[in-house]
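Q:
Protein chains in written order, with the working numbering: chain W, 869 to 987; chain B, 20 to 131.
See below:
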């Protein structure tokens, strides 16, 4: 089955530093990837849509200058949390839409998540 | 704006019993997803429902979709401890595949 990986799986950093999280589709091309955030005991909230070769689309309330997204290839999207603060501590999960030929498949493939702790 | 609501949010079941989790969504959506999440883990895809009247079954879980009522259900039959997890439904609106709005999640605990 299709696999999406994330790196790192967890990270601890000091307040004020920047953290980069990678999301890779390992055996398929993903024209679109999505970044979600999940706080403890809460649901997933969509942060942004990452499109290969174009600017990301951010959801309302998500600061685009704080959460930088780069989708440089059909298999890689990165999320950089700039000047991280303790309130950014969360579980970040990416998902990818698989393109099979000219058909976009319905199943969303989720990465294993990255747990960020900002001290 | 698409909103998704699940109920119940907490479900404590005895092994062997049946129960249903309900998922209501606010606006037209032609794709409804069910996921399972274990503590500290990411999401595991359970079902994708694409049309009115769709019914899918896998083991002790069965999901259905009624687009007219904007309702999806996840039915658990003869629950076992291994089903203990958090279950999310999510709806996709418009033409943006993968842009999902999630319900609050239902924490299921199955007791012996």
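Glycine residues also receive a C-beta, built at the ideal position from the N, C-alpha and C atoms.
Counting contacts by CB-CB distance shorter than 8 angstroms, is residue 124(B) in contact with chain W?
A: In the second chain, residue 124(B) corresponds to position 105, counting from 1. Interface residue, yes.
Q: Using DSSP with H/G/I as helix, E/B as strand and the rest coil, what is residue 1016(W)?
A: The shown model of chain W, from 869 to 987, leaves out residue 1016(W), and the question about it has no answer.
Q: Determine whether the Cβ of residue 880(W) lies closer than 8 angstroms to any Cβ atom of chain B.
A: Taking the first residue of the first chain as 1, we reach residue 880(W) at position 12. Residue 880(W) does not count as touching chain B.
Q: Could I get the ranges of all uninterrupted beta strand (DSSP E) runs contained in the stretch 73–119 of chain B, with 3 residues as the minimum, in chain order?
A: Taking only runs of at least 3 residues, the beta strand (DSSP E) segments lying wholly in the stretch 73–119 of chain B are 74–77, 80–85, 90–95, 104–111.
Q: How about residue 75(B) and residue 45(B): do their beta carbons lie closer than 8 angstroms?
A: In the second chain, residue 75(B) corresponds to position 56, counting from 1. In the second chain, residue 45(B) corresponds to position 26, counting from 1. No; because the gap between Cβ atoms is not below 8 angstroms, this pair is not in contact.
Q: Distance, Cα to Cα, residue 938(W) vs residue 29(B)?
A: Taking the first residue of the first chain as 1, we reach residue 938(W) at position 70. Taking the first residue of the second chain as 1, we reach residue 29(B) at position 10. Between residue 938(W) and residue 29(B), the C-alpha separation is close to 38 angstroms.
Q: From which residue to which residue does the beta strand (DSSP E) around residue 930(W) run?
A: Taking the first chain and counting its residues from 1, one reaches residue 930(W) at position 62. Premise fails: residue 930(W) is in no beta strand (DSSP E) and is neither H nor E.
Q: Please classify residue 129(B) as buried or exposed, where buried requires at least 16 other C-beta atoms within 10 Å of its C-beta.
A: The residue given as residue 129(B) occupies position 110 in the second chain. Answer is buried; the Cβ neighbour count reaches 16.
Q: By the 10 Å Cβ neighbour count, where 16 or more other Cβ atoms means buried, how is residue 907(W) classified, buried or exposed?
A: Here the question's residue 907(W) lines up with position 39 in the first chain. Residue 907(W) comes out exposed.
Q: Secondary structure at residue 955(W), three-state DSSP: helix, strand or coil?
A: Walking along the first chain from the start, residue 955(W) turns up at place 87. Correct three-state label for residue 955(W): helix.
Q: May I ask you to report which of helix, strand or coil DSSP gives residue 129(B)?
A: Numbered from its first residue, the second chain carries residue 129(B) at position 110. In this structure, residue 129(B) counts as strand in the three-state DSSP scheme.
Q: Any contact between the stretch 35–51 of chain B and the stretch 951–965 of chain W? By contact I mean 3 or more CB pairs, one from each, below 8 angstroms.
A: Taking 8 angstroms as the limit for Cβ pairs, the verdict is that the stretch 951–965 of chain W does not touch the stretch 35–51 of chain B.
Q: Kindly indicate if chain W contains any beta-carbon less than 8 angstroms away from that of residue 112(B).
A: Translated into the one-based positions of the second chain, residue 112(B) becomes position 93. Output row for residue 112(B): interface = no.
Q: Please confirm whether residue 69(B) has its beta-carbon closer than 8 angstroms to some beta-carbon of chain W.
A: In the second chain, residue 69(B) corresponds to position 50, counting from 1. Taking Cβ atoms only, chain W reaches closer than 8 angstroms to residue 69(B), which makes this a yes.
Q: Cα-Cα, which of 52(B), 131(B), 86(B), 20(B) is closest to residue 93(B)?
A: One-based indexing of the second chain puts residue 93(B) at position 74. Out of 52(B), 131(B), 86(B), 20(B), 52(B) has the C-alpha closest to the C-alpha of residue 93(B).
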